[in-house]
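S.K.: I have a structure I would like to understand better, so I am pasting it below and will then ask my questions one at a time.
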Amino acid sequence: MCDPPCQHAGLCIRNSTCFCSKGYEGGLCQYDIGMFSLNASREAAAAILCLCICFAVSCEGGCWNGGECISVNSIVKCLCPFSWTGSKCQEATPHLFPAICPQGCRNGGSCVAPGICSCPEGWVGGACHKAICRHPCLNGGKCVAPNVCRCRGPYSGAQCKEKEVH
1 MCDPPCQHAG
11 LCIRNSTCFC
21 SKGYEGGLCQ
31 YDIGMFSLNA
41 SREAAAAILC
51 LCICFAVSCE
61 GGCWNGGECI
71 SVNSIVKCLC
81 PFSWTGSKCQ
91 EATPHLFPAI
101 CPQGCRNGGS
111 CVAPGICSCP
121 EGWVGGACHK
131 AICRHPCLNG
141 GKCVAPNVCR
151 CRGPYSGAQC
161 KEKEVH
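So this is what it looks like as C-alpha coordinates:
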(Lines of atoms letter the chains of each structure in order from A; the text may use other names.)
(Lines give C-alpha, C1' and ligand atoms only; values in the text may rest on other atoms or scores of the structure.)
Protein backbone atom coordinates (compact mmCIF):
# COMPACT_ATOMS: atom_id res chain seq x y z
CA MET A 1 0.00 0.00 0.00
CA CYS A 2 1.29 3.44 -0.89
CA ASP A 3 0.68 6.23 1.59
CA PRO A 4 -0.01 8.77 0.19
CA PRO A 5 -1.55 6.83 -2.74
CA CYS A 6 -0.32 6.91 -6.34
CA GLN A 7 -2.18 9.28 -8.65
CA HIS A 8 -3.34 9.17 -12.28
CA ALA A 9 -3.73 5.37 -12.50
CA GLY A 10 -0.22 4.77 -11.15
CA LEU A 11 0.29 1.35 -9.58
CA CYS A 12 1.51 0.93 -6.04
CA ILE A 13 4.36 -1.57 -6.15
CA ARG A 14 6.89 -2.83 -3.61
CA ASN A 15 8.18 -0.57 -0.83
CA SER A 16 5.57 2.16 -1.36
CA THR A 17 6.85 2.98 -4.84
CA CYS A 18 4.55 4.21 -7.60
CA PHE A 19 4.81 2.75 -11.12
CA CYS A 20 3.43 5.59 -13.27
CA SER A 21 1.20 5.17 -16.29
CA LYS A 22 2.29 6.64 -19.62
CA GLY A 23 2.42 10.43 -19.60
CA TYR A 24 2.92 10.84 -15.84
CA GLU A 25 5.95 11.02 -13.58
CA GLY A 26 6.94 11.93 -10.05
CA GLY A 27 7.10 10.01 -6.79
CA LEU A 28 3.29 9.78 -6.71
CA CYS A 29 2.76 10.05 -10.50
CA GLN A 30 1.45 13.54 -9.80
CA TYR A 31 3.02 15.30 -12.78
CA ASP A 32 1.44 15.20 -16.24
CA ILE A 33 4.51 15.48 -18.45
CA GLY A 34 2.40 16.42 -21.47
CA MET A 35 0.46 19.15 -19.62
CA PHE A 36 2.78 22.06 -20.38
CA SER A 37 4.20 22.86 -23.80
CA LEU A 38 7.68 24.31 -24.05
CA ASN A 39 6.21 27.66 -25.12
CA ALA A 40 3.78 27.99 -22.17
CA SER A 41 4.45 30.91 -19.87
CA ARG A 42 5.21 30.33 -16.20
CA GLU A 43 2.13 32.36 -15.25
CA ALA A 44 -0.15 30.15 -17.36
CA ALA A 45 1.46 27.01 -15.97
CA ALA A 46 1.06 28.28 -12.39
CA ALA A 47 -2.61 29.13 -13.02
CA ILE A 48 -3.31 25.66 -14.38
CA LEU A 49 -1.45 24.04 -11.50
CA CYS A 50 -3.43 26.12 -8.98
CA LEU A 51 -6.71 25.03 -10.58
CA CYS A 52 -5.66 21.41 -10.16
CA ILE A 53 -4.55 21.80 -6.54
CA CYS A 54 -7.05 24.38 -5.29
CA PHE A 55 -10.12 22.27 -6.10
CA ALA A 56 -8.75 18.88 -5.02
CA VAL A 57 -11.04 16.51 -3.13
CA SER A 58 -9.92 14.00 -0.55
CA CYS A 59 -11.13 10.43 -0.06
CA GLU A 60 -10.89 9.15 3.51
CA GLY A 61 -8.12 6.56 3.61
CA GLY A 62 -7.08 7.47 0.06
CA CYS A 63 -7.52 5.55 -3.16
CA TRP A 64 -5.20 2.61 -3.78
CA ASN A 65 -3.58 1.16 -6.91
CA GLY A 66 -3.73 4.36 -8.92
CA GLY A 67 -7.34 5.21 -8.13
CA GLU A 68 -8.24 8.88 -8.27
CA CYS A 69 -10.42 10.64 -5.73
CA ILE A 70 -13.31 12.45 -7.45
CA SER A 71 -16.52 14.20 -6.45
CA VAL A 72 -19.72 13.31 -8.34
CA ASN A 73 -22.90 15.15 -7.30
CA SER A 74 -21.22 16.08 -3.99
CA ILE A 75 -20.36 12.42 -3.31
CA VAL A 76 -16.63 11.82 -2.89
CA LYS A 77 -15.43 8.44 -4.14
CA CYS A 78 -12.53 6.64 -5.77
CA LEU A 79 -12.44 6.29 -9.53
CA CYS A 80 -10.56 3.03 -10.10
CA PRO A 81 -8.28 2.28 -13.04
CA PHE A 82 -9.01 -0.66 -15.29
CA SER A 83 -8.54 -4.01 -13.49
CA TRP A 84 -9.20 -2.61 -9.98
CA THR A 85 -12.46 -2.35 -8.05
CA GLY A 86 -13.75 -1.75 -4.52
CA SER A 87 -14.45 1.39 -2.50
CA LYS A 88 -10.72 2.18 -2.38
CA CYS A 89 -9.68 0.32 -5.57
CA GLN A 90 -8.25 -2.37 -3.30
CA GLU A 91 -9.58 -5.43 -5.12
CA ALA A 92 -7.83 -6.74 -8.22
CA THR A 93 -9.85 -8.11 -11.08
CA PRO A 94 -7.10 -10.22 -12.70
CA HIS A 95 -9.42 -11.81 -15.26
CA LEU A 96 -9.71 -8.38 -16.93
CA PHE A 97 -6.02 -7.56 -17.16
CA PRO A 98 -3.76 -10.23 -15.73
CA ALA A 99 -0.24 -9.07 -15.05
CA ILE A 100 2.48 -11.55 -15.95
CA CYS A 101 5.49 -12.04 -13.71
CA PRO A 102 7.64 -14.76 -15.29
CA GLN A 103 9.83 -14.88 -12.17
CA GLY A 104 6.77 -15.49 -9.97
CA CYS A 105 5.95 -13.57 -6.80
CA ARG A 106 6.78 -15.50 -3.61
CA ASN A 107 5.92 -15.12 0.07
CA GLY A 108 2.47 -13.65 -0.52
CA GLY A 109 3.57 -11.11 -3.13
CA SER A 110 1.29 -10.25 -6.03
CA CYS A 111 2.03 -9.42 -9.66
CA VAL A 112 0.89 -5.82 -10.29
CA ALA A 113 2.50 -5.08 -13.66
CA PRO A 114 4.50 -7.14 -16.16
CA GLY A 115 7.57 -8.37 -14.27
CA ILE A 116 6.79 -6.30 -11.15
CA CYS A 117 5.79 -7.87 -7.83
CA SER A 118 4.24 -5.97 -4.94
CA CYS A 119 5.71 -7.55 -1.81
CA PRO A 120 4.13 -7.85 1.62
CA GLU A 121 5.84 -6.16 4.54
CA GLY A 122 9.11 -7.87 5.48
CA TRP A 123 9.93 -9.06 1.95
CA VAL A 124 11.78 -7.36 -0.94
CA GLY A 125 13.35 -8.31 -4.25
CA GLY A 126 12.06 -8.82 -7.77
CA ALA A 127 10.18 -11.95 -6.70
CA CYS A 128 9.63 -11.01 -3.01
CA HIS A 129 12.31 -13.56 -2.17
CA LYS A 130 14.55 -11.59 0.21
CA ALA A 131 13.54 -11.31 3.86
CA ILE A 132 14.21 -8.15 5.85
CA CYS A 133 15.53 -8.46 9.40
CA ARG A 134 15.22 -5.24 11.42
CA HIS A 135 18.38 -6.19 13.31
CA PRO A 136 21.21 -7.80 11.33
CA CYS A 137 22.00 -11.51 11.65
CA LEU A 138 25.52 -11.81 13.07
CA ASN A 139 28.35 -14.36 12.88
CA GLY A 140 27.41 -15.68 9.45
CA GLY A 141 23.69 -15.98 10.20
CA LYS A 142 21.19 -15.45 7.39
CA CYS A 143 17.84 -13.63 7.41
CA VAL A 144 15.38 -16.31 6.22
CA ALA A 145 12.02 -14.70 7.08
CA PRO A 146 11.01 -11.26 8.36
CA ASN A 147 13.01 -10.74 11.57
CA VAL A 148 14.08 -14.41 11.69
CA CYS A 149 17.76 -15.39 11.52
CA ARG A 150 19.10 -18.86 10.71
CA CYS A 151 22.32 -19.19 12.68
CA ARG A 152 25.50 -21.10 11.90
CA GLY A 153 27.03 -23.18 14.65
CA PRO A 154 28.07 -22.61 17.32
CA TYR A 155 25.87 -19.45 17.42
CA SER A 156 22.19 -19.11 18.34
CA GLY A 157 19.66 -16.51 19.44
CA ALA A 158 17.54 -13.94 17.66
CA GLN A 159 20.58 -12.29 16.03
CA CYS A 160 23.00 -15.24 16.24
CA LYS A 161 25.16 -13.55 18.87
CA GLU A 162 25.05 -16.13 21.67
CA LYS A 163 27.83 -18.67 21.42
CA GLU A 164 26.91 -22.17 22.56
CA VAL A 165 29.42 -23.75 24.89
CA HIS A 166 29.73 -27.56 24.86
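Residue numbers (UniProt numbering): 1 to 166. Using N, Cα and C, we set each Cβ at its ideal position, and we do this for glycine too. Note that the structure is a prediction, hence the values are computed from the model and not measured.
In this structure, does DSSP put serine 74 in helix, strand or coil?
M.R.: Taking the first residue of the sequence shown as position 1, residue 74 is located at position 74. Serine 74: coil per DSSP, three-state reduction.
S.K.: Is the separation between the beta-carbon of glycine 141 and that of cysteine 128 shorter than 7 Å?
M.R.: One-based indexing of the sequence shown puts residue 141 at position 141. One-based indexing of the sequence shown puts residue 128 at position 128. No, Cβ-Cβ distance for glycine 141 and cysteine 128 is not below 7 Å.
S.K.: For lysine 130, tell me which candidate among Asn139, Leu138, Cys119 has the shortest Cα-Cα distance.
M.R.: Translated into the one-based positions of the sequence shown, residue 130 becomes position 130. Selected option, being the one with the closest Cα: Cys119.
S.K.: Per DSSP, what kind of secondary structure is leucine 28 in: helix, strand or coil?
M.R.: Here residue 28 refers to the residue found at position 28 when the sequence shown is read from its first residue. In this structure, leucine 28 counts as coil in the three-state DSSP scheme.
S.K.: For cysteine 137, which residues of its own chain have a beta-carbon under 7 Å away from its beta-carbon, when the five flanking residues on both sides are left out?
M.R.: In the sequence shown, residue 137 corresponds to position 137, counting from 1. Answer for cysteine 137: Cys143, Cys149, Gln159, Cys160, listed in chain order.
S.K.: Which whole-angstrom value is the C-beta distance of cysteine 89 and cysteine 80, which I expect to be below 8 Å?
M.R.: The count along the sequence shown starts at 1 and reaches residue 89 at position 89. The count along the sequence shown starts at 1 and reaches residue 80 at position 80. The pair is a contact, with the Cβ atoms about 4 Å apart (cut-off 8 Å).
S.K.: Apply the 10 Å Cβ neighbour rule to alanine 145 and answer buried if 16 or more other Cβ atoms are within range, or exposed otherwise.
M.R.: Taking the first residue of the sequence shown as 1, we reach residue 145 at position 145. Exposed, by the Cβ-count rule.
S.K.: For histidine 135, is the classification buried or exposed, using 16 other Cβ atoms within 10 angstroms of its Cβ as the cut-off for buried?
M.R.: For the purposes of this step, residue 135 is taken as the residue at position 135 of the sequence shown. Histidine 135 comes out exposed.
S.K.: Using beta carbons (cut-off 7 Å, strictly below), is asparagine 107 in contact with chain D?
M.R.: Reference to chain D is not applicable here, since this structure consists of a single protein chain.
S.K.: In this structure, how does DSSP classify isoleucine 13 when only helix, strand and coil are distinguished?
M.R.: As a position in the sequence shown, residue 13 is number 13, starting the count at 1. Isoleucine 13: strand per DSSP, three-state reduction.
S.K.: Just verifying my parser: in three-state terms, what is the DSSP assignment at isoleucine 132?
M.R.: Within the sequence shown, the letter at position 132 stands for residue 132. Isoleucine 132 falls in the coil class under three-state DSSP.
S.K.: Anyone know if the C-beta pair for proline 5 and glycine 61 falls short of 7 Å?
M.R.: To locate residue 5, count along the sequence shown from 1; it is residue 5. To locate residue 61, count along the sequence shown from 1; it is residue 61. Taking 7 Å as the Cβ cut-off, proline 5 and glycine 61 do not qualify as a contacting pair.
S.K.: Tell me where the beta strand (DSSP E) around cysteine 111 begins and ends.
M.R.: Translated into the one-based positions of the sequence shown, residue 111 becomes position 111. Run containing cysteine 111: 110 to 113, per the beta strand (DSSP E) assignment.
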